[in-house]
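Engineer:
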Amino acid sequence: MRVLMVCLGNICRSPMAEAVLAHLAPAWEVDSAGTGGWHAGESPDRRTLAELRRHGIATSHRARQVEVADFTRFDLILAMDRQNLRDLERLRPRDATATLRLLDSTEVPDPYYDGAEAFAAIYTQIDGACRRLLSEATP
Numbered sequence: 003m004r005v006l007m008v009c010l011g012n013i014c015r016s017p018m019a020e021a022v023l024a025h026l027a028p029a030w031e032v033d034s035a036g037t038g039g040w041h042a043g044e045s046p047d048r049r050t051l052a053e054l055r056r057h058g059i060a061t062s063h064r065a066r067q068v069e070v071a072d073f074t075r076f077d078l079i080l081a082m083d084r085q086n087l088r089d090l091e092r093l094r095p096r097d098a099t100a101t102l103r104l105l106d107s108t109e110v111p112d113p114y115y116d117g118a119e120a121f122a123a124i125y126t127q128i129d130g131a132c133r134r135l136l137s138e139a140t141p
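Residue numbers (this note's numbering): 3 to 141.
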């Protein structure tokens, strides 16, 4: 399975989701990107890295923006919130093969302007959503 996690800037939610899913499903190809390119080339937010470390998960991810090729390279593109999903649907080319949907049944809130407790909360939500995704994909 090839999965792309997407948020706005690719420094908080989507790199966390990428790292969690890659940790839980090492045989899967997992990446992340942002709908915006402001942080391209940057490491994830220090609070994302701290929360991942707290759970024994490392990442060497560098932020990047969603590319047209992602819509055929990945089987599943998972957005963190409805605005990300709308942006992806707008960018989606006619020949896209990837399925687009939200990662979770509820939006993963952007913790960028909040403290460490918000990053802990989204970790819990992301971990649960990734485990549900794995159970859906594994017969």
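The beta-carbon is built from N, C-alpha and C at its ideal position, and this holds for glycine as well.
Please tell me whether M7 and L80 are closer than 8 Å, where the distance is taken between their beta carbons.
Structural biologist: What you label residue 7 is simply residue 5 of the sequence shown in a count that begins at 1. What you label residue 80 is simply residue 78 of the sequence shown in a count that begins at 1. Contact flag set, yes.
Engineer: Per DSSP, what are the beta-bridge partners of Q35 in this structure?
Structural biologist: The count along the sequence shown starts at 1 and reaches residue 35 at position 33. The amino acid occupying residue 35 in the given sequence is Ala; Gln does not appear at that position. According to DSSP, A35 bridges with V8.
Engineer: Please state whether DSSP places I79 in a helix, a strand or coil.
Structural biologist: Translated into the one-based positions of the sequence shown, residue 79 becomes position 77. I79: strand per DSSP, three-state reduction.
Engineer: Taking the alpha-carbon positions, what's the R134 to I128 distance?
Structural biologist: Taking the first residue of the sequence shown as 1, we reach residue 134 at position 132. Taking the first residue of the sequence shown as 1, we reach residue 128 at position 126. Computed Cα separation, rounded: 10 Å.
Engineer: Please state if the CB of H57 and the CB of I13 are separated by a distance shorter than 8 Å.
Structural biologist: Reading the sequence shown from its first residue, position 11 is the one you call residue 13. Reading the sequence shown from its first residue, position 55 is the one you call residue 57. Not closer than 8 Å, so no.
Engineer: Tell me the residue span of the beta strand (DSSP E) that contains T101.
Structural biologist: For the purposes of this step, residue 101 is taken as the residue at position 99 of the sequence shown. First-last of the beta strand (DSSP E) with T101: T101 to L104.
Engineer: By Cβ distance below 6 Å, which residues in the same chain neighbour L102 in space, the five residues on each side in sequence not counted?
Structural biologist: Here residue 102 corresponds to residue number 100 of the sequence shown, with the count starting at 1. Around L102: I79 and L90.
Engineer: Determine the extent of the alpha helix (DSSP H) in which S16 is found, giving its start and end residues.
Structural biologist: Translated into positions along the sequence shown, residue 16 becomes position 14. Looking at the DSSP string, the run of the alpha helix (DSSP H) that includes S16 is R15 to L26.
Engineer: Does the distance from the CB of R49 to the CB of A123 come in under 8 Å?
Structural biologist: Start at 1 with the first residue of the sequence shown, and residue 49 comes out as number 47. Start at 1 with the first residue of the sequence shown, and residue 123 comes out as number 121. Not in contact: R49 and A123 (Cβ atoms no closer than 8 Å).
Engineer: Measure the alpha-carbon distance for Y115 versus Q85 and round it to whole angstroms.
Structural biologist: The residue you call residue 115 lines up with position 113 of the sequence shown. The residue you call residue 85 lines up with position 83 of the sequence shown. When rounded, the distance between both Cα atoms is 17 Å.
Engineer: Please tell me whether A42 has its Cβ less than 8 Å away from any Cβ of chain C.
Structural biologist: No chain C is present in this structure, which holds just one protein chain.
Engineer: With a 10 Å radius around its C-beta and 16 neighbouring C-beta atoms as the bar for buried, classify A139 as buried or exposed.
Structural biologist: In the sequence shown, residue 139 corresponds to position 137, counting from 1. Per the 10 Å Cβ criterion, exposed.
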